[in-house]
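Using full-length UniProt numbering, the first residue of the sequence shown is number 1, and each one after it goes up by one.
All C-beta atoms in this analysis are idealised placements derived from N, C-alpha and C, irrespective of residue type, glycine included.
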Amino acid sequence: MKFNYKLQRLCGAYYGNPTTTDSYGSDGRGSGSNLLYTSNGNTLISAVSNRIQILELHSHTVRTLPVEGRSNIRCMALSPNDTILLAVDVQNYAMLVNIVRGVVLHRFKFKRKVRMASFSPCGKYIAVTHGKHIQIWLAPNHLRKEFAPLILHRTYTGQSSDVTRLEWSEDSSVIMAASRDCTARIWTVHTTYNYQPVTLSGHKTPIVAAFFAYAEIGNAGTISSGNRRSKRKIDSCYTVSEDGALVTWKVQRLNSGDSKSERNEDIDLPPSTDFDAQVDEAVDFFSGGAASAPSFLSTKGGAGDDFPSQGHELAHCQWSYQTRHYFNQEGSSVVAIAYNDRSQLLAVGFSSGIFGIYEMPSVSNIHTLSVGSNQLIQSCVLNQTGEWLALGCPKSEQLLVWEWRSETYIIKQRGHAYGMRCMAYSPDGVVICTGGEDGKLKLWNASSGFCYVTMEQSHQAPITSVCFANASVVLSASLDGSVKAHDLHRYRTFKTFTSPTPVQFLSLAVDPSGEIVTAGSMDPFHIYAWNLQTGKLLDVYTGHTGPVSQLAFQSHGGTLASASWDGTVKLWDLYKGNVPTESLQHNSDVVCVACRPDGKEVCTGTIRGLLSFWNVESGKLKFEIDGRRDIVGGRKFNDRMASNNNASSRYFTSVCYSADGTCVLAGGNSKYVCIYEVSQQILLKKFQVTFNRSLDGVLDELNSKNMTEFGAVDDHADSGDETTYNALRLPGAKRGDDGSRSSKVEVLTMQVAFSSTGREWAAVSGEGLHVYSLDDDMIFDPISLTEAITPAAVEAKLEAKSYSTALRMAIHLNEVGLIRQVLEEVPYASISSVGKTVGPEQLERLMNVVAKAMETSPHIQYYLQWCLELLRTHGLYMDKHRSSFMRAFRAMHKTVQTRYDELKTICNENRYTLDFIEDQSRLTMSTEDIHA
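So, in structure tokens, the structure goes:
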């Protein structure tokens, strides 16, 4: 079994920080990063906690970059060529990420709080808000020899409060910043002759956003039509404040006297005379600019020599107030603003969940809609064409992409309101079902990572366990005292099972035939069994003296294993009576149990961190694995001892077997998930689910400088400088304060589960659903390799049309790309004969390659023929050795089922078109017969 698993995606959260809570246990204030579109407008980038999600809107898939920040990400910036991403967290640590390869290029820290970062349109600069200042850095450039990836170009000052918004001009020569002191200030990137920074003040509340508006130059006849940037100049700008006031500022050109004395070059460049050099030094001394700038940073070029940059155009201009408009939304503040210059659209998001789209410059309303009551819209952004509006609501962890022309949702994703609690894979591995603390049931597509169904009225209390009866029926147990069966075809609840007296259910299990449903309760300590078809209560099993924490059925027969806090695991034969056949005694409370796929072994976990393995037939203990030292680590904020000495609270709460039964996956009250090899009783690998320092228990050692006689002090507490919207203003308070205080959530794993295919596993944590899958592209694992077996030899056999030998040699090399090349070169008529030459030792690898290739290949019928011939030829052998081929067979079945569903959807959508084409062909044939 391979163990090169890596995180593929994080499901259950697509925006915001799901780990932030206040003292009352509910979601904290609006805390989320900004959203970004790529240049083509088809990909959306969102930050979830300390991770970065890439959402492909056309293919409707999501992937998570394999990088993590130190803590929750506050802001992001994307380069114009969509290759470099700058992410800054709440502790002002930044990282430069290559999003194409998914690697971190550089990490560094800003000394002050960064609220926003932005690349210049030319891609040469990065501007960041640095407290009350603005810093412009030279962006990484492969054409420039540099010691550090970022070089500070200039620092701009003049604001009396923190800067919240940045805006570049389209030629990267002018930058505008909005501040919480209710003003906006405009600078030039390079020191410009006769230019003085301008301050625009006319708002009563802090400015949320500021944008430039452009006008076409009238005498642009000498400019080539392809250079659109030189044809436009800054004509006005818009500033929007929290109270909903939009102010338009107009640029007025002043009479500059002798136009021949004007200098259309940057003072940053080398001066021509000694007097000019003295003037430049004086200007640089008072403005904090650099003495000179490299030649490749010049904003002019080509046609720009005759038409100066926008910075030089503003040197002899004056800004004046023009108009004022108000967005009238009572009881709410403006939080997020997005402006698209190409389509002249302005999108406004309010703290009450209302968003509006306005046409500029008339500010006429196009749409005013709501995403939900009291849903703070933290971020909104328009794509390049202005058709898709992305909205992020951190309180509900909701991400929406709205197409305003057709008034439809492109995507609408929302996680569980108070966190995810349990999950289960479908038998074919295509669907993942999750239950949350909000009592809702969600279904996720394992391939795309999106939630496609949310059953709103599932339960009235948190869901404690979910399981599949078959591919179309899923069951859920809840603390509201009910077990419900849901139909995955009609997406409705068709059965509700209850007990004679009200109880709270903790565990749930279904027998292999899918006919008997069992659930364990908290008090009284009983196990209830129902018939799934009739809904009748069959029996009540008693004998435990503590809450029943987990139930598990054997794969063959009707034996049920129940784990309880009374320190026992009881084995029940449901067909013989309600008396346990075996009682497995433990020295401490049992919190989890799992049965091996062949039904001959049971694994149990206790609160002492022990994994016990029992023989089902004899009821004797085979051996134990002490996992306390494996999952120890992580010192919580209020702990008074080191993490190495605090192993008492670390234990496994969930355990499951792999598909072949050779390994065990275990997770619990720790930041680690461990994989053990059962026969050798050794730890094979352990995964740390997160490195997010915004969670409690991630660091093994706390900073000693923060330790006082009263305990640890969190010097990164992020509660004093964030705006609390719709909060009561207490007497004497300088800001809105509702009295809530944020607290760190402990990192832990609620449940782990292997997929039926064995190629991926998932873990439920406070951040969401972590899905890990095998990375086959980064491993070289040949079998029976000799010197004669090389890729060149495989190519030679293909040229000689010896397909059987080439396929066997490619399987020996075990390179997925090479095997796929050989498969696709085999003629369709020769598939049957080539498939018969595959030996049993090569069959499993070939089935895995066929399943993986069919996922993305357009040759569906061709690979279906491969699947059919392999099953026809080797079906009897696979049936005799089903334990060895179960994972490969399930992976193949999952792929076939997925492609069937996709093709079925396409055919249903094109049904009438296909009927029309068929009828048209019949008419054409009949017409030809008549003429003949």
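The C-beta distance from glycine 12 to threonine 434 rounds to 7 Å, short enough to meet the 8 Å contact threshold. Nearest to serine 118 by C-alpha distance, out of Val97, His153, Trp168 and Cys674, is Trp168. Ranked by Cα distance from glycine 661, the first of Asp630, Ile607 and Ser555 is Ser555. For valine 834, no beta strand (DSSP E) run applies; the uninterrupted alpha helix (DSSP H) run containing it begins and ends at 831-836, by DSSP. If you draw a straight line from the Cα of glycine 392 to the Cα of isoleucine 337, it is about 12 Å long. Given a length threshold of 3 residues, each whole run of the beta strand (DSSP E) inside the stretch 125-161 is given here in chain order: 125-130, 133-138 and 151-156. When secondary structure is reduced to three states using DSSP, arginine 115 falls in the coil class, being assigned neither helix nor strand. For tyrosine 195, the CB contacts under 6 Å within the same chain, skipping 5 residues up- and downstream, are Thr188 and Ala315 in chain order.
Cβ contact annotation for methionine 809 (same chain, cutoff 8 Å, sequence separation greater than five): Ile789, Ala793, Val794 and Lys797, in chain order. A direct Cα-Cα distance of roughly 48 Å separates glycine 817 from leucine 376.
Separation of the CB atoms of cysteine 674 and glycine 627 is rounded to 6 Å, and the pair is thereby assigned contact status at 8 Å.
Within 10 angstroms of the beta-carbon of valine 48 lie 16 or more other beta-carbons, which makes it buried. About 16 Å separates the beta carbon of serine 658 from that of glutamine 751, a gap too long to meet the 8 Å contact definition.
For the pair valine 616 and leucine 560, the CB atoms are not nearer than the 8 Å cut-off.
Burial check for aspartate 630: the Cβ neighbour count within 10 Å reaches 16 or more, so the residue is buried. The alpha carbon of tyrosine 772 has as its nearest neighbour, out of Asn4, Phe3 and Gln8, the alpha carbon of Gln8. Note: glutamate 313 is not bridge-paired with any residue in the DSSP secondary-structure output. Looking at the DSSP output, tryptophan 444 shares a beta bridge with Ile432 and Cys451. Here the alpha carbon of leucine 868 sits roughly 29 Å from the alpha carbon of alanine 424. Take the alpha-carbon of valine 453 and the one of tryptophan 444: they are about 7 Å apart.
Annotated as proximal: tyrosine 125 and alanine 139, with beta-carbon spacing under 8 Å. Alanine 127 and leucine 488 have their C-alpha atoms roughly 50 Å apart.
Going by DSSP, asparagine 848 is part of the alpha helix (DSSP H) stretching over 840-856. Cβ-Cβ separation between phenylalanine 3 and lysine 671: approximately 19 Å, too far for a contact (criterion under 8 Å). In this structure, glutamine 398 sits near tyrosine 15, with a CB-CB distance shorter than 8 Å. A distance of 8 Å or more separates the beta carbons of serine 160 and lysine 204. The stretch 207-214 and the stretch 233-249 touch, with no fewer than 3 CB-CB distances between them shorter than 8 Å. Our two residues, valine 540 and tryptophan 530, have alpha carbons roughly 9 Å apart in a direct line. Of all alpha-carbon atoms in Val896, Lys894, Met854 and Ser832, the one lying nearest the alpha-carbon of histidine 874 is that of Ser832.
Here leucine 10 is near glycine 768, since their CB atoms are less than 8 Å apart.
The beta carbon of threonine 581 sits closer than 6 Å to those of Leu571 and Asp573, all from its chain and outside the five residues before and after it, given in chain order.
For the 8 Å CB-CB criterion, glycine 567 and glutamine 585 form a contact.
Lysine 894 and arginine 845 have their C-alpha atoms some 16 Å from each other.
For histidine 770, the enclosing beta strand (DSSP E) starts and ends at 768-774.
Residue pairing for cysteine 595: DSSP places it in a beta bridge opposite Val602. With at least 16 other beta carbons inside 10 angstroms of its own, proline 18 counts as buried.
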